[in-house]
Each structure stands twice: as C-alpha cells, then as structure tokens.
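Number of protein chains: 2
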Amino acid sequence: MAVGKPVPVVDARAKVSGRTQYTVDLHRPGMLYGKILRSPHHHARVVSIDTSAALHIPGVKAVVTGFDLPRVRYGFGWRHRQDMYALSWDKARFKGDEIAAVAAVDESTAAEALQAIVVEYEPLPPVFDFDAALAGDAPLLHDDAPGNIAGTLAFSKGDVDAAFAEPDVVVVEGTYETQRVHQCYMEPMGCLAEWSPDGRLTMYIGSMNTSGIRWMLANSLELPISRVRVVQPNVGGSFGSKVTNAGLYPATAWLAKVTGRPVRTVYTREEEYFAGRPRVNNRIWLKTAARRDGSLLAREVKLLNDVGAYVEMAAAMLEVMSHRSDSLYRIPNIRFDGRMVYTNKSPIGAYRGFGNPQMTFAYEEQLDRIARELDMDPLELRLKNASRQGDVSVHGWELKSCGYPQALEIVRERSGWVQKRAERRPFRGLGVAGTIHEGDDRHSTGFAGSEATLEIFEDGRVSITSGEGEFGQGAHTTFAQIAAEVLTVPLEDVSVRFPDTDISAYALGPWGSRITISGGNAVRYAAEAARNQLLEEAAVMWDVRTENLGIAEGRVFVEGDPERSSTVAEVAKAALYRLNGGVIRTVGKEEPSTSMMNPEIQSNPCSAYSFAAQVAEVTVDPDTGRVTIEGIWTANDCGRVLNPLMADAQVEASVLQGIGFTLSEHMEYRRGHLREAGFLGTGTPNVYDMPPVEVRYTDTHDPYGPYGAKGVAELGQPPIPAALAGAIEDAIGVRFTRLPITPEDIVRALQKKEDQA
Amino acid sequence: MAVGKPVPVVDARAKVSGRTQYTVDLHRPGMLYGKILRSPHHHARVVSIDTSAALHIPGVKAVVTGFDLPRVRYGFGWRHRQDMYALSWDKARFKGDEIAAVAAVDESTAAEALQAIVVEYEPLPPVFDFDAALAGDAPLLHDDAPGNIAGTLAFSKGDVDAAFAEPDVVVVEGTYETQRVHQCYMEPMGCLAEWSPDGRLTMYIGSMNTSGIRWMLANSLELPISRVRVVQPNVGGSFGSKVTNAGLYPATAWLAKVTGRPVRTVYTREEEYFAGRPRVNNRIWLKTAARRDGSLLAREVKLLNDVGAYVEMAAAMLEVMSHRSDSLYRIPNIRFDGRMVYTNKSPIGAYRGFGNPQMTFAYEEQLDRIARELDMDPLELRLKNASRQGDVSVHGWELKSCGYPQALEIVRERSGWVQKRAERRPFRGLGVAGTIHEGDDRHSTGFAGSEATLEIFEDGRVSITSGEGEFGQGAHTTFAQIAAEVLTVPLEDVSVRFPDTDISAYALGPWGSRITISGGNAVRYAAEAARNQLLEEAAVMWDVRTENLGIAEGRVFVEGDPERSSTVAEVAKAALYRLNGGVIRTVGKEEPSTSMMNPEIQSNPCSAYSFAAQVAEVTVDPDTGRVTIEGIWTANDCGRVLNPLMADAQVEASVLQGIGFTLSEHMEYRRGHLREAGFLGTGTPNVYDMPPVEVRYTDTHDPYGPYGAKGVAELGQPPIPAALAGAIEDAIGVRFTRLPITPEDIVRALQKKEDQA
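Residue numbers (the numbering used here), protein chains in the order written: chain A, 3 to 759; chain B, 3 to 759.
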C-alpha cells in the first residue's frame with residue numbers, strides 16, 4: 003500500500019544534496035546573460051530610448067526595447083483585460099516597469115549595458131493608494147481606464163436589504179485592510195530561451211503553468227502556439243506566483259531571437275520585490291447580520307483591490323474573492339461590490355489562498371463580534387452555522403463531502419478551548435477561525451481536465467507524463483504513490499516527468515488545490531488502464547480469463563494457482579514482444595462535471611471543497627507588544643490523506659506563512675517607494691518563528707478525489723490572520739482590523755486603551 | 003490533397019542552408035571529448051593496460067577500459083548470440099577493436115591520451131577469409147565457437163533432390179562472391195552522453211533505432227531500461243547501418259558517468275572504415291533447375307557470410323538472406339544451408355537491401371543462363387515465372403498486392419528491350435533483373451506495431467510524435483502528408499518530432515522498408531481519430547449530428563449550410579475550453595496480423611511486399627574496360643506513390659549505390675589490412691557517376707498500407723548488380739560472378755577470352 007503512507011517526497015535526496023538543477027543552473031554553449039532595464043520613475047512618459055552607447059560596449063550582443071518587440075497588449079487569459087506590453091514603450095507605470103532588455107556575454111557586462119542605455123522620461127504625477135487613485139482629478143495610468151478603475155464586479159443573491167431590515171437581528175460592520183507581501187520562494191523568477199534552426203522557440207521557465215505561459219508567450223510574441231515550447235525544470239517554490247507571463251519571458255525570447263544565441267535571464271532578489279507579483283493588498287468593507295439564535299442571515303461586501311499598474315491576475319482574483327467564503331457557513335443573502343484600482347505599483351499575483359486569508363480575516367472577525375453580542379461561544383456560533391455534507395450553498399456549490407463541523411470539534415477538543423476559556427489568564431487568549439477552499443475549480447480558461455500518460459517499461463518500472471507540475475509541493479510523490487498503489491509496484495519504481503508542452507498534454511497546472519484531485523485522478527485512470535492491460539496480457543500468457551487473475555506486490559498471478567505468477571516486468575516484456583502485443587502505454591483523462599465559476603449565477607465550479615478549522619493561543623507582552631504563539635491547533639478536511647508526511651508539511655509551512663502575513667510581513671511603500679526589497683527588513687519569518695503546531699485531519703472521504711482525497715495545500719494559511727487577531731483580542735481586548743499586527747501596533751493600542759480608561 | 007503530391011521534404015530548407023543540427027553539432031557546458039583506443043593487432047590477447055601516463059596528461063579527465071565497465075556480453079537482440087563487450091578486455095579480435103576510451107577537454111588532448119595508454123598485447127594468429135577461418139587447424143576467435151562458425155541455418159521445402167533428378171530439366175550451378183562496402187553516410191557515428199542528478203542516462207545518438215539501442219545500452223551497462231533515455235537528433239544518413247550498439251555508446255556513457263560531465267564522441271571517417279558496420283561479404287553457391295518450358299522447379303543455396311569478429315546483425319542477416327528471393331518467382335522446391343563465419347575483421351551491419359543485392363546478383367544470373375540454355379528471352383522467362391497478386395509463396399508469404407509482372411512489362415517497353423536486342427550493337431548490352439523486398443517484417447524482437455500521438459493546437463497546427471525515426475529518408479514528410487491529408491490542413495502546419503524514448507512510444511524504427519506502412523498507418527489512425535474529435539466538437543458547437551458535418555480545406559462545416567463553418571484552429575480551441583471538452587490529442591496504434599519471420603516454417607512476416615524490375619544498358623570499352631551505363635529503366639511496385647519526388651529520389655539514389663557496389667566500391671583487405679579507409683580510394687561513386695535513370699511505378703494499390711502505399715526505400719539497389727552484370731555479359735560475352743566488376747577485371751577477361759579464341 004503506497005497510498006496513505008508517510009513517505010518522504012521522491013526528490014528529497016537530490017534536493018538536500020544539492021544535485022537538483024533549477025532554471026538558474028541551466029547553461030548552454032554560447033549562452034548570453036539577459037538583464038532588464040527598469041523605470042526609476044513611478045509614472046513617466048517614455049520620450050526616447052538611446053541604446054547606441056550600450057551596444058558599443060564590448061560583450062553586449064543585443065539591446066531590445068518595446069519598440070522592437072511586437073506591440074501586442076496582453077493579459078492573463080483572454081477573458082480579462084489586456085493592458086500590458088512585454089516591454090513598456092509608451093509609459094512607465096511603476097518604479098521597476100520593464101523598459102528595455104540587454105543580452106551580454108556575462109552578467110556584469112549586461113549590468114554595465116543597462117547603465118549605458120539613455121532613456122528620456124517625462125515624469126507624470128503618480129498615485130499610490132486607493133484614495134489618491136480614486137480621487138476625481140487623479141492622473142490616469144491607462145487612458146482607457148477612467149477613474150483608474152481596472153474592472154468591477156457586483157452581484158447579489160437573496161434579498162440583502164430585506165434581511166438587514168429584519169427586526170431583532172444583530173448587525174456588525176467594519177473595514178479591514180491588508181498589505182502586500184511577497185511569496186518569498188527561494189528560487190527567483192528566471193528563464194532560458196533558445197530558438198531552433200527551424201524557428202521554434204523553446205523556453206525553460208521555472209513556472210507552474212507551462213501550457214498557460216505558452217499561450218501568453220505566443221500571444222505576446224505573435225507566434226503560433228505550436229511554435230512555442232515551454233519546458234518546466236525543477237522550480238524552487240512559487241506558492242501561486244509563477245503563473246503569469248512576466249515581461250522577462252518575451253523579452254528574453256526576443257534577445258535570443260535577435261542574437262541567435264541562447265539567453266538566460268534570472269531576477270535578482272531585489273527585482274523580485276520591485277517587479278514580482280506579490281499578494282494583493284485590499285480594503286474590505288463588510289457588514290454581517292445574524293438572528294438572535296446566532297444563525298447568519300446576510301452579508302454585504304465592498305472590496306477594493308489595489309492591482310498596481312497592470313491587471314495581470316487581479317481580475318481572476320476579484321472574481322474568486324467576491325464569494326470568499328460565502329459557502330463556509332449557511333447564509334441565504336449576500337451582496338458584493340468589488341473594484342480593481344490601478345496604482346503606480348507593481349502588478350499583483352497569486353499567493354497560497356488566493357484572497358482567502360484576506361477575506362477570512364474580515365469575515366471571521368464579524369463572527370467573533372456577533373458571538374460577543376449574542377454572548378455565545380464563538381466556536382459554537384461557527385458550529386451552528388457551519389455548512390454540512392450535502393449542502394448546496396448560496397452560490398450553488400455542492401458540498402459532496404464536508405468535514406468542517408468535525409474540524410471545529412477537533413480543534414475545540416485538542417486546544418482545550420472550553421477549559422482554557424473558563425480559566426482565563428491575563429494577556430493570554432484564544433482565537434478560532436475556519437476556511438473553505440476550492441479544489442480543482444473550473445475557472446480562467448474554462449478547461450478543468452487533466453490527462454496523464456503512463457508507460458510500463460520492460461524492466462517493470464513505470465513512467466508518468468503529466469502537464470501538472472511539481473514546484474516543490476510534492477505532486478510527483480503523490481502521482482507516484484497513486485500509480486504504485488494501483489500497480490502494486492514499489493514507489494521507487496515509479497518516476498514522473500516534468501511538464502514540457504512538447505510532451506505532456508495541455509494542463510492547467512498546480513493552482514486552486516487541484517493537482518491531487520484532477521492530476522491524481524488522471525494518473526489513477528491511466529494506472530488502472532495499465533493494470534487492466536497487464537491482466538489481459540497475463541490472460542493470454544496463461545490462457546485464462548482475466549477474472550481469474552490478481553495483482554499484488556508487483557506480481558500478476560492466477561488466483562489459487564501459485565505456480566502461475568509473473569512480475570509486472572515479465573508481463574510488460576511479454577506484452578511488448580508478443581505477436582499482436584505492444585508496449586503498455588495508457589492515457590488517463592479526467593474531466594469533472596463541474597460548471598464554470600461565475601459568482602453572478604448559481605454554479606458549482608469545483609470537484610471538491612476542502613475545509614479547515616484552527617484555534618490559536620497567544621500570549622501578549624504588554625510592554626513590548628510581542629506576541630508569543632503558544633500553540634496552533636489545526637484540523638483539516640482534505641478528504642483521505644494520501645501522505646501524512648506531505649500533508650503535515652503543507653499545513654505547517656503555510657501556517658508559518660500565515661503567521662508572517664499576520665504579524666510581521668509587509669512590503670511597505672513610502673510615497674510609492676518600497677522601503678525594503680529583500681528578506682531582511684520585510685518581516686519574512688524563518689524556522690525560529692515556528693510555534694507549536696498540531697496538524698489533525700477529519701475522517702472525511704470525498705467521493706470524487708482519488709482514494710477520497712481533496713486538496714490540502716491552501717488550508718493552512720487562510721484562517722491564521724483571523725485566529726491570531728481573535729486570540730490577540732481575547733488577550734488584550736483590542737481587535738485589529740489592519741494587517742500586519744506589529745508589536746508597535748499593539749503597544750500603541752494598549753497605550754490608547756489605557757489613555758481612554 | 004497532400005498525399006500523392008510531389009512536395010519537397012519538409013526539412014529541405016534547414017538542411018541545405020546548414021541550419022540542421024546533427025549529433026556532432028551538439029554541445030554542452032563542460033562537455034568533454036571522447037576517443038576510442040583501437041587495437042593495432044588483428045588478433046591478440048590483452049595482457050595488461052596501463053592508463054596511468056594518460057591520466058597524468060593535463061586535460062585528460064578519464065580513461066576507461068573493459069575492466070571498468072560491466073563485463074556483460076551482448077549482441078543485437080536477445081534471440082541472437084551474445085559475443086561482444088563494449089570494450090574488449092580479453093582479446094582484440096580485429097584491427098580496430100575497442101580497447102579503451104578516454105575523455106579530455108578537447109579532441110587533441112584526447113588523441114594525445116590515446117598515445118599514452120600502454121597496452122601489452124600477446125599477438126595471436128589471425129584468419130581473414132572463409133578458407134583460412136574454416137581450415138581444420140584455424141585459430142579460434144571465440145573459444146565457444148568451434149570451427150569459427152558463429153551460427154548456422156538450414157531448411158528445406160518441397161523435395162529438392164527429386165526435382166533436380168527429374169528428367170529433362172535444365173540445371174545451372176555456380177559460385178558468387180561479393181565484397182564489403184561501406185554505407186558512406188555523410189555523418190559519422192557519434193553520440194553525446196549525459197547523466198542527470200538522479201542517475202538517469204541520456205544518450206543523444208544519431209541512430210535509427212532508439213528503442214532498440216536503449217535496450218542494448220541498458221543491457222551492456224547493467225542499467226534498468228527505464229534509467230536510459232535515448233534521443234535521436236537529426237541523422238545524416240544511415241542506410242541501415244546505425245542500428246547497433248557500437249562500443250562507442252556504452253564507452254561514452256561510462257566516461258560521462260566517471261567524470262560527471264557530458265561527453266561527446268564522434269568517429270573520424272577512418273574509424274568508420276576500421277570499426278563501422280559495413281555490408282557483409284559472402285560466398286554463395288547456387289544451383290537452379292527449370293523445366294524445358296522455362297518454369298522454375300528447384301533451387302539450392304549454400305551461403306557463407308563473413309561476419310567479422312562479432313555476430314552483431316549477422317544472425318538476422320543470415321535469416322533474411324536465407325530466403326531471398328524465393329518469393330519473387332513461383333518455385334516449389336528450395337533448400338538452404340547457411341553459415342556465419344568469424345574472421346579477424348570488423349563486424350558487419352545492415353545496408354539498404356539487407357542481403358538482397360548480393361543474393362539477387364547470384365539468383366538472377368542463373369535465370370539468364372537458363373534462358374540462354376532454353377533460348378528464351380530472359381525477360382520473358384522472368385515474366386513467365388513471376389509471382390502474381392494472390393499468390394502464397396513457398397514460404398507462406400501472402401502477396402496481397404504484386405505489381406512485378408507489370409513492372410517487367412514497363413521496363414521492357416520503356417527500355418526498348420525487344421527492339422534493342424534485335425538490333426545488336428558491338429560492346430553494347432542489355433541486362434534485366436527483379437527484386438522482391440519485405441515491407442514491415444515481423445522479425446528480430448517479434449514486435450511489429452507502431453504508435454503515433456497526434457495533437458491539434460489551438461492555432462490549428464498539428465504535431466505528431468512517433469518513435470519511427472527520420473534519418474534523411476523523408477519519414478517526417480510522409481507522416482506530415484498523411485496527417486495533412488486526413489485533416490485537410492496545409493502540409494506546413496504539420497510538424498513531426500524526433501524519437502525520444504522518454505516521449506515517443508516504443509518503436510522499431512525505419513528498417514525493413516516499414517516506416518510508410520507501419521508508422522504511416524499509425525499516423526493515419528491517429529489523424530482519423532483527431533478528425534472524428536473535430537467533428538464531434540463541431541457537432542456540439544452547432545448542435546448538429548456528426549453525420550451532417552464535413553471537413554475540407556482546413557475547415558469543418560455543416561453540409562449544405564455555408565454559414566456554419568469554422569477553421570480547424572477554431573474547433574480545436576473550442577474543444578479545449580469547452581465544459582467537459584479537452585485538448586485534441588489522439589493515439590493511433592497499428593499492429594499487422596503478420597506472423598514471426600521464420601524461414602524454417604510457413605510464415606507471412608510482412609504487411610506488404612514490394613517489387614521492382616530493372617533493365618540496364620551498358621557500353622563496354624574493350625581497351626580500357628570502362629563500363630558506360632547508357633541507361634537504367636526502373637519500374638517499382640511500392641503501391642500508391644505518396645510523394646513522387648521522394649520516391650524518385652529513393653530509387654535514383656539507391657540505384658547509384660548499387661552502381662558503386664557493382665562497378666567500383668570495395669573495402670579491400672590485404673592480409674587483413676584495409677587498403678584504404680575513406681571515400682577516396684574505396685570507389686565511392688558521386689554525382690558525376692550518375693547515369694540516366696528512369697523511374698516508373700506500377701499502378702498497384704496495396705490493401706494494407708496507408709492510401710495503398712508500400713515500402714520503396716530498398717527497391718533501387720538490389721537488381722542493379724545482376725542487371726549490370728547481365729548487360730556486361732550481353733555486351734562482351736563474359737559473365738562476372740564476383741563483385742565489384744572493375745575495368746581491370748573486364749580487360750583481363752577480354753584478354754583471356756582472346757587468348758582462348
């Protein structure tokens with residue numbers, strides 16, 4: 003049994019021994035080094051670019067600008083606004099905007115070339131925050147986006163106004179603000195571009211979205227899709243971020259085209275902060291109503307998302323955030339109004355939870371307040387309202403499995419919730435929060451399937467080809483476990499290939515917690531087809547019926563006849579060399595019967611929905627404002643746990659990311675300038691900041707996912723901000739509605755409280 | 003209509019403009035250069051190898067010997083004798099045998115290292131020809147091969163002795179000898195080896211047998227098959243030769259393993275001659291009987307094949323030669339006795355025709371003699387005996403299509419055979435010969451299928467993945483034509499990938515004239531499945547039944563409704579993004595209902611059999627012995643001609659190879675030493691030696707091959723030696739039974755004739 007076992011990830015040894023090759027480790031003979039010239043202005047018209055001096059530097063092989071590349075505006079997917087050029091040629095819209103790219107024989111020469119490019123800018127007035135951007139006379143980032151509104155979304159379900167007007171309801175209201183944070187993956191963004199003699203482009207990109215990036219790249223370079231090949235090497239982390247077509251990719255492709263040589267461009271850590279795709283910062287106005295018995299009645303949300311200079315993933319983000327987390331609790335009336343606001347900052351991207359940590363931070367605070375007003379235990383209030391298996395939510399989400407009530411009960415019991423709340427101690431507090439996360443959502447392009455190819459070699463080893471990528475999260479291990487389980491072969495006999503658009507089928511890639519469900523099912527179907535082929539071959543070998551055959555421990559055998567038994571290798575070899583036989587090579591296709599995500603109508607976009615509940619316990623030092631996390635208890639409904647070691651790691655690591663987001667991390671802008679651009683000074687937590695975290699699971703079995711599994715990757719982070727804010731409030735009586743909650747904030751709040759007392 | 007059109011090969015432009023990259027063009031950062039140390043002795047015991055001096059040369063990174071590599075004996079396929087080590091460690095068995103391999107930072111340092119390796123040999127007496135090798139006291143090359151017999155094959159069908167004893171039959175008898183020739187491909191053998199951090203070996207080999215070489219390599223390196231990946235880059239010609247696991251591949255893999263760096267080894271042209279795999283030289287004793295009416299009655303063959311030092315492909319060759327060309331004519335009684343003889347020369351390999359030119363040279367001479375004895379027109383005699391469609395031959399071959407009689411008629415008419423024979427001119431003569439060649443034979447491993455994957459991108463372009471390789475013969479063009487035909491898209495919108503054992507399905511590769519039939523059918527099935535998917539998608543788009551849909555000129559349309567029509571690209575895109583849709587990606591599997599080749603029993607190993615007839619006209623200069631070819635008329639039954647341009651080129655080029663083989667080419671050994679080792683001096687013909695050649699086709703339509711096609715690649719060469727020898731005999735009255743027929747031979751023969759007169 004490979005499934006359910008706590009096996010280490012299959013690439014652990016290569017990684018910890020430093021043998022894993024990432025994009026930055028790729029070299030090619032004659033390879034050049036690319037670098038990007040970035041705007042020093044927040045907002046400026048590009049008057050002219052003089053590259054002649056740079057081109058005269060020995061070792062500089064090419065300088066390209068937006069005037070050289072196809073002047074195509076593109077965006078993330080064709081359903082969304084197309085507002086971005088690979089290299090900006092009309093205006094720079096943020097400090098860091100891509101203006102030109104150079105290729106040189108080494109990195110220092112490339113850096114020197116950047117200095118020698120003379121760009122004449124005509125500075126324009128910038129806007130950095132919601133209020134400035136939305137002011138009537140605000141300068142516009144894009145001429146075709148009046149009011150700096152990049153897009154809006156509004157809908158309503160039920161009768162929200164009637165609900166709020168009902169007599170005898172508790173209504174709470176508030177505004178919440180969250181900050182930008184970087185995903186802090188270890189490997190910076192990078193790519194290597196090379197063109198084949200027949201004019202095809204191959205890009206090695208440390209991405210988690212090979213098929214999508216191929217589409218965007220082809221668009222931005224005006225190439226037919228089939229002329230672009232995207233290969234995914236090992237990726238040193240992404241957490242959702244590395245899915246967009248950053249200007250560096252088309253620019254590097256163009257440098258390679260112009261020079262006729264391979265070109266590799268890799269971001270510095272500083273560039274990651276200036277020009278990466280950090281988590282969106284937003285302002286959430288929220289209003290919630292509940293009946294006196296605690297049952298939730300209505301919610302209204304007004305959301306502003308600061309998308310920076312270009313829309314990128316922000317439109318998808320707005321859509322998804324619009325109904326976070328309406329389906330976690332039973333609630334009949336909702337209304338949403340959301341706007342994307344352009345500011346002169348870098349564009350934003352995805353980060354584990356995709357708007358969930360921010361929205362949960364707001365929602366769950368209002369539950370705490372309602373509980374207080376009704377004098378209910380806040381965990382009880384959640385339990386009372388929690389969605390249950392079989393529910394169809396206000397949006398039409400069909401919860402075919404739901405372990406949320408059980409999760410709440412687990413963390414109540416494991417944390418000692420009731421007892422600790424009874425024995426209150428000064429400056430010590432408890433908070434609770436929950437989350438629902440989509441798994442395998444039909445979104446973006448509309449495609450939501452997955453396809454895997456499985457091959458059994460004559461040596462009995464198994465190879466899986468899937469376009470669903472590994473970026474450190476363990477997809478290859480999960481796929482190998484599933485195939486090993488079905489074929490009863492040792493896990494180490496199964497290998498999984500990295501996505502390569504020339505080899506692997508079109509795939510969405512690992513976002514939306516979809517890989518185990520969707521990719522895993524495809525692998526399972528392929529493995530089951532291969533197992534059937536093994537049995538059919540053995541039936542021919544021994545002239546028996548397949549019904550009389552079994553497979554176990556890597557051997558096919560005739561039931562009740564121990565003499566007739568062969569290894570998987572022997573059967574695979576026999577199949578290959580048999581008259582009218584053939585190699586065992588099967589395809590598994592998965593395609594869920596979900597509907598396109600559309601919050602304006604009733605739809606059921608996911609194959610499965612995952613849930614989590616968390617309790618946090620903190621102690622606050624009133625003198626220093628320092629928050630000590632005494633413990634975090636998590637209970638996760640990710641269906642059947644395929645690999646406890648990996649699932650634990652997923653939850654633990656994202657809990658730490660949530661802690662950073664809540665208490666310290668901040669890409670802080672001062673008059674538009676980033677205060678810090680690196681791990682130091684932006685509050686990135688490290689291993690010493692890890693509190694005791696308990697990871698438990700509900701005993702849910704999902705009917706759709708492989709072996710009952712659902713997604714686990716995005717369950718750890720979302721509840722943390724609300725749970726910690728609730729615990730801090732429980733400890734010191736102050737609720738913070740803006741992230742991060744720093745020691746300074748706490749000391750200042752305590753001071754203010756004292757002053758008011 | 004893409005099929006049937008004379009389109010240039012798809013890679014023509016890249017090739018003629020020098021942009022095509024072959025193995026020798028591959029570079030890797032840190033790559034080392036490999037070289038092989040070869041035995042200077044024909045036969046010698048290896049007493050000791052001292053590599054220390056070589057290892058001390060700066061820049062030399064590794065020296066490996068047969069003592070370092072796994073000491074595994076291997077051969078070509080597991081059905082045949084395993085008598086070869088990657089590097090010889092016990093004995094050197096020919097001048098050129100692989101003894102050690104070095105890797106150094108550049109080629110000159112590697113060459114220097116070879117000089118510094120000290121090998122102590124104990125010379126042994128060698129044998130170079132049949133008589134010496136078969137002598138009772140001959141020294142043995144292999145202790146386990148007494149009499150230097152590497153293998154034998156004998157069988158009989160009908161009653162040969164009774165047939166020869168019949169009254170009133172014409173019986174002719176003779177002995178024929180052929181020489182070794184090199185295939186003279188432009189790109190020498192070479193490979194690049196690299197190991198991945200997880201211990202997998204990737205080999206880039208300019209081969210035409212990726213799956214097979216993977217198997218042999220894995221065996222010789224004691225690696226599981228799944229740990230070896232073989233990638234085929236562009237190949238600069240092979241003509242059958244580049245299918246075996248030459249020691250250079252495992253040796254280079256080992257150098258890469260030991261050094262931890264990529265290593266590339268490429269043969270020099272001289273090494274090609276010393277250590278390549280040239281055409282087998284043989285001695286054929288043949289006896290044929292015919293009735294007075296000309297009908298063939300019986301044949302007996304005694305064949306000696308000089309296999310050199312190791313069996314390699316010779317066992318397969320003996321098997322196939324054993325029944326060449328018993329199925330070309332109706333003949334009821336046959337007997338065969340064949341032996342493989344070891345000599346201290348390099349091993350032999352495949353060359354276009356695979357024994358057919360040699361055997362045809364012998365067989366067809368006897369037909370000429372019988373015709374003369376019966377005073378029949380030799381072409382008439384052939385026509386009388388020619389196999390016909392529907393025949394089942396003496397071996398059980400089922401000739402479901404057969405254009406041989408028509409081919410004979412075409413060349414008779416086109417050459418002016420009757421008229422020219424009537425108007426005899428001095429020193430001018432005509433010869434005729436025919437051939438049958440197998441297409442897609444089930445042989446070697448027993449596997450005879452093919453699998454292709456076809457993908458339609460959102461831009462409407464089509465990509466085909468097949469393990470059946472392109473090595474210059476035009477497979478990619480044929481596959482693209484077939485897919486373009488089925489999908490009605492432009493040819494230039496279809497691309498075909500090179501074989502890569504990580505990507506493409508297990509495949510035999512392009513030998514036995516099987517690619518168009520087997521690989522082409524697989525592509526056709528994949529394309530038909532894709533076309534059906536396009537129609538199904540369009541049926542969903544327009545809510546109509548697929549029966550009402552058509553596809554033409556790259557558009558899917560509703561019959562009779564011109565408004566409803568979409569491009570293939572639009573339909574493919576709609577499929578991908580439709581709810582429950584998906585990428586159009588299909589697999590075609592071809593598996594003929596043939597039986598394993600086994601000349602000892604009745605079997606039908608081929609999907610289809612191809613035929614050709616040729617007439618040659620020559621003038622002989624009696625003073626210089628120079629033969630001027632006045633014309634060659636060919637008529638080829640390769641079924642439906644998919645691309646006349648390519649088919650013509652196949653025939654024309656192989657005719658020239660046949661001319662070289664007949665009149666000039668010779669790897670001549672003197673006391674075991676090669677007299678020459680290069681194009682110069684071995685009689686390689688070039689473009690100026692090309693006579694007028696007419697290429698015609700029969701109007702055969704094969705029921706199995708795609709669009710009625712059969713193999714064409716091996717039809718040009720086999721009849722040439724017999725046709726030219728017959729024409730020379732017709733011109734000067736002397737029949738040569740040993741190849742090549744040089745001017746010296748002719749002058750000497752005319753002198754002798756004169757002396758006898």
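Cβ coordinates follow ideal geometry from the N, Cα and C atoms, glycine included.
Identify the contact partners of residue i in chain B, using a Cβ-Cβ distance below 9 angstroms as the criterion.
i, result
"HIS82 (chain A)", "By Cβ distance, chain B contributes nothing, its closest Cβ being about 14 angstroms from HIS82 (chain A), past 9 angstroms."
"ARG30 (chain A)", "HIS29, ARG30 and PRO31"
Closer than 8 angstroms, CB to CB, is residue i near chain B or not?
i, result
"ILE505 (chain A)", "yes"
"GLY448 (chain A)", "yes"
Below 7 angstroms on C-beta distance, what does residue i contact in chain B?
i, result
"TYR508 (chain A)", "LEU578 and VAL585"
"TRP21 (chain A)", "Just to set this straight, residue 21 (chain A) is Arg in the shown sequence, not Trp. Ordered by position in chain B, the residues that pass the 7 angstroms Cβ test against ARG21 (chain A) are PRO199."
Check the Cβ of residue i against every Cβ in chain A and list those closer than 7 angstroms, keeping chain order.
i, result
"ALA16 (chain B)", "PRO199 and ASP200"
Cα separation between residue i and residue j?
i, j, result
"SER240 (chain A)", "ALA610 (chain B)", "55 angstroms"
"ILE458 (chain A)", "VAL464 (chain A)", "5 angstroms"
"ALA577 (chain A)", "GLY32 (chain B)", "41 angstroms"
"VAL237 (chain A)", "ASP27 (chain A)", "11 angstroms"
"GLY436 (chain A)", "ASP504 (chain A)", "41 angstroms"
"GLY474 (chain B)", "LYS712 (chain B)", "18 angstroms"
"ARG371 (chain A)", "ASN358 (chain A)", "20 angstroms"
"GLU100 (chain A)", "THR53 (chain A)", "15 angstroms"
"MET669 (chain B)", "CYS404 (chain B)", "36 angstroms"
Comparing C-alpha positions only, which one of the options sits nearest to residue i?
i, options, result
"ASP161 (chain A)", "A:ASN335, A:GLY590 and A:ARG698", "A:ASN335"
"ASP108 (chain A)", "A:PRO60, A:GLU124, A:PRO141 and A:VAL74", "A:PRO60"
"PRO380 (chain B)", "B:THR548, B:MET86 and B:LEU369", "B:LEU369"
"GLU124 (chain A)", "A:MET648, A:HIS439 and A:VAL49", "A:VAL49"
"ALA637 (chain B)", "B:TYR699, B:SER597 and B:ALA618", "B:TYR699"
"THR596 (chain B)", "A:PRO601, A:SER329 and A:GLY583", "A:GLY583"
Checking contacts by CB at 8 angstroms: is residue i closer than that to chain A?
i, result
"ASP461 (chain B)", "yes"
"ASN582 (chain B)", "yes"
"ARG266 (chain B)", "no"
Show which residues of chain A have a CB atom less than 9 angstroms away from the CB atom of residue i.
i, result
"GLY451 (chain B)", "ASN582, GLY583, GLY584 and VAL585"
"PRO169 (chain B)", "Chain A residues near PRO169 (chain B): none, gap ~44 angstroms exceeds 9 angstroms."
Can you pull the chain B neighbours of residue i, defined as C-beta to C-beta under 8 angstroms?
i, result
"ARG499 (chain A)", "ASP504"
"SER465 (chain A)", "SER228 and ASP504"
If the cut-off is 9 angstroms on Cβ atoms, which residues from the segment 585-600 of chain A count as contacting chain B, listed in chain order?
If you check each beta-carbon in the segment 585-600 of chain A against every beta-carbon of chain B, the ones closer than 9 angstroms belong to VAL585, ARG587, VAL589, LYS591, GLU593, PRO594, SER595, THR596, SER597 and MET598.
Which residues of the segment 227-244 of chain A have a Cβ closer than 7 angstroms to any Cβ of chain B? Give them in chain order.
Listed by position, the residues of the segment 227-244 of chain A near chain B (Cβ gap below 7 angstroms) are ILE227 and SER228.
When Cβ atoms are compared, which residues of the segment 329-363 of chain A fall closer than 9 angstroms to chain B?
Listed by position along the chain: nothing, the set is empty.
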